[in-house]
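So the sequence lines, in the order shown, correspond to chains Y and F. Under the numbering used here, think of the first position of the first sequence as 1, with each following residue one higher. Under the numbering used here, think of the first position of the second sequence as 1001, with each following residue one higher. Working notes for the structure below.
2 protein chains.
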Amino acid sequence: MKARSGRRKKKVAFQGERGAFSEEAARKLLGPAVVVVPCQRFEDVFRSLEQRKTDAAVIPIENTLHGSVHENYDHLLHFDLPIVGETKIRIVHHLIAPADVPFAKLRRVYSHPVALNQCLSFFAKNRQLEQVPFYDTAGSVKMIMSERPPDAAAIASEVAAEIYGAKILRRSIEDDRQNFTRFFLLHRPGKNRSRAPRAGKNAEWKTSVVFTTRNVPGALFRSLSAFSLRDLNLAKIESRPLRGKPWEYLFYLDFIGRVDEPTSQNALRHLGELADLLRVLGSYPRGD
Amino acid sequence: MKARSGRRKKKVAFQGERGAFSEEAARKLLGPAVVVVPCQRFEDVFRSLEQRKTDAAVIPIENTLHGSVHENYDHLLHFDLPIVGETKIRIVHHLIAPADVPFAKLRRVYSHPVALNQCLSFFAKNRQLEQVPFYDTAGSVKMIMSERPPDAAAIASEVAAEIYGAKILRRSIEDDRQNFTRFFLLHRPGKNRSRAPRAGKNAEWKTSVVFTTRNVPGALFRSLSAFSLRDLNLAKIESRPLRGKPWEYLFYLDFIGRVDEPTSQNALRHLGELADLLRVLGSYPRGD
């Protein structure tokens, strides 16, 4: 597949059906012309990039209501696929139907149970509508557009409505507007950095690391001194108990700084003296 | 409702259908005789306890694959309902059907999409079985037991099979055995502590707090000094960006210690000097 410039179009893997929020994140990170490759499981997304079937991968890493996606942190540790970008997407749910189905005719609404559950005020105000759980938000739009039930709508993203040629009947029916998901963009190691999203001159950079500490009181405190003694600001820290090792923890930490700056290098060398394991997962321009 | 002793039976609120993993956690924390009150949303669980409709509440707070349940941390901050106990439940998925439905007849399996997705190896080995998404794991058992489709099973917990009088056809069909959820037990403030789960003499205690730091480098480092300078061990720390306040964070922190011990009191006083907001969410015997 070639773009008009003659350059091969970039392929990006993500988990979910076409029109999933991960696809929206992929287009925000890589532009509208990117070729998207939907995968069933997160592991398939990582494998697709590792096996060079795709040029990039986009994964959700945390949500403001549901927390960090530990499974993807596990994959980031297991696969050697650096983070080269991040973005945040507001999770907005729309009521979507075929163009010839009016709101007054609706009796059933299909979507993923999590999405249905995030629109409870809408259903409380529209008691004629039955909630029908479906496998996937975007998949529910795909289904109503192919099977065309005369009284059914779906709840999904704007991108899903566009992709399947459906109409948005009601916009933004979610209960909580403060529902954001943060996504990472991954490449293969050593891949040409020029293909990563361009950062403005004054862009702030973030670096994400994972480390483990020894089982002694104050171990985390000493580890953080590597950053605080150098006035490096933290953007995230999270502990996670190590499986089968009581009192030992894995930490996810993001700090503000580029990994190739001297201060960052010194902080990481210092942290390396204190940590049993230390892995830099990537360094990337801060997403909006 | 009275127990044989004449004492009123304790009522506990949880989110989900009868037979949900939260019910399993409630029985583990409060014994098999407890009266369970299923609620639709997490907020309803907190409200039920606050309005004295129930005597206790059980909520999931984090999962080893999916991370912390931020929504419940939000409710813990909003409601004044202290944590008085914790427990961990391994998430085990069983294939469940009516007693007269043999495995060979099965063609469809109902469950919550998350549960279906956690049993992919089982479905890969049994390609005759179609996955059918349903609203709730326990709810899918309830449905097959009332509607009795001749070729359908459900995926849910052992407790769900018991409650609805169903049979377990295949045990532990989940892909990942390291799937645990941690639950909190909540009471109303000042409620008789003797009703909280008894802790052994040598039981270790945990205290959970939430605090915010000012927007300066090293703020978290200084906050943790309140614990490390007193050799208090941390069991969890997690940062969460404050809504609408870039660079300001809320921290969830668990440390090992009883809130009424002098060292804990000193550490909390010290942390209070550094933090803009500090709330003790509860102090409780460490769950297994």
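Glycine included, every Cβ here is placed at the ideal spot set by N, Cα and C.
- Excluding five sequence positions before and after Y:Pro133, the CB atoms of its chain that fall closer than 6 Å to its own CB belong to Pro113, given in chain order.
- The beta carbon of F:Asp1175 sits closer than 7 Å to the beta carbons of Gln1118, Cys1119, Leu1120 and Ser1121 from its chain, once the five residues preceding and following it are set aside; these are given in chain order.
- Listed in chain order, the alpha helix (DSSP H) runs fully inside the segment 1147 to 1189 of chain F are 1158 to 1163, counting runs of at least 4 residues.
- Looking at the DSSP output, Y:Gln15 shares a beta bridge with Y:Cys39.
- In the DSSP assignment, Y:Pro113 falls outside any beta strand (DSSP E) and lies within the alpha helix (DSSP H) extending over Pro113 to Asn117.
- Here the C-alpha atom of F:Glu1204 lies approximately 9 Å from the C-alpha atom of F:Gly1287.
- Residues of chain Y with a Cβ closer than 7 Å to the Cβ of F:Glu1071 are, in chain order, Leu65.
- Take the alpha-carbon of F:His1094 and the one of F:Phe1103: they are about 13 Å apart.
- Put simply, the CB of F:His1112 is near chain Y, with a gap under 8 Å to one of its CB atoms.
- Y:Tyr249 and Y:Pro150 have their C-alpha atoms some 53 Å from each other.
- For Y:Glu130, the beta-bridge partners assigned by DSSP are Y:Arg108.
- A Cβ of chain F is located within less than 8 Å of the beta carbon of Y:Gly218.
- Between Y:Ala156 and Y:Gly282, the CB-CB gap reaches or exceeds 8 Å.
- When DSSP states are grouped into helix, strand and coil, F:Pro1241 belongs to the strand group.
- Those residues of the segment 34 to 45 of chain Y placed with their C-beta closer than 9 Å to a C-beta in chain F are Gln40 and Arg41, ordered along the chain.
- Residue environment analysis places F:Arg1008 among the exposed positions, since fewer than 16 neighbouring C-beta atoms fall within 10 angstroms of its C-beta.
- Put simply, the backbone Cα of Y:Val101 is about 9 Å away from that of Y:Lys167.
- Residue-level contact by beta carbon holds for Y:Tyr135 and chain F, with a gap shorter than 8 Å.
- The shortest C-alpha to C-alpha distance from F:Val1280 to any of F:Leu1116, F:His1078 and F:Ala1056 is the one to F:His1078.
- Among the CB atoms of chain Y, none fall inside 8 Å of the CB of F:Asn1202.
- At least 8 Å separates the beta-carbon of Y:Thr263 from that of Y:Arg222.
- Nearest to Y:Lys236 by alpha-carbon distance, out of F:Leu1234, F:Ala1235 and F:Ser1239, is F:Ser1239.
- Across the segment 231 to 245 of chain Y, CB contacts with chain F closer than 9 Å involve Asp231, Leu232, Asn233, Leu234, Ala235, Lys236, Ile237, Glu238, Ser239, Arg240, Pro241, Arg243 and Gly244, in sequence order along the chain.
- With a contact defined as Cβ atoms closer than 8 Å, Y:Thr64 and Y:Asn179 qualify at about 6 Å.
- With 16 or more other Cβ atoms inside 10 Å of its own Cβ, F:Arg1188 counts as buried.
- Counting only the Cα atoms, F:Ser1111 lies some 25 Å from F:Val1035.
- The beta carbon of Y:Leu224 falls within 8 Å of a beta carbon belonging to chain F, placing the residue at that interface.
- Here Y:Gly165 is exposed, its C-beta having fewer than 16 other C-beta atoms within 10 Å.
- In the DSSP assignment, the residues bridged to F:Ser1068 are F:Glu1062.
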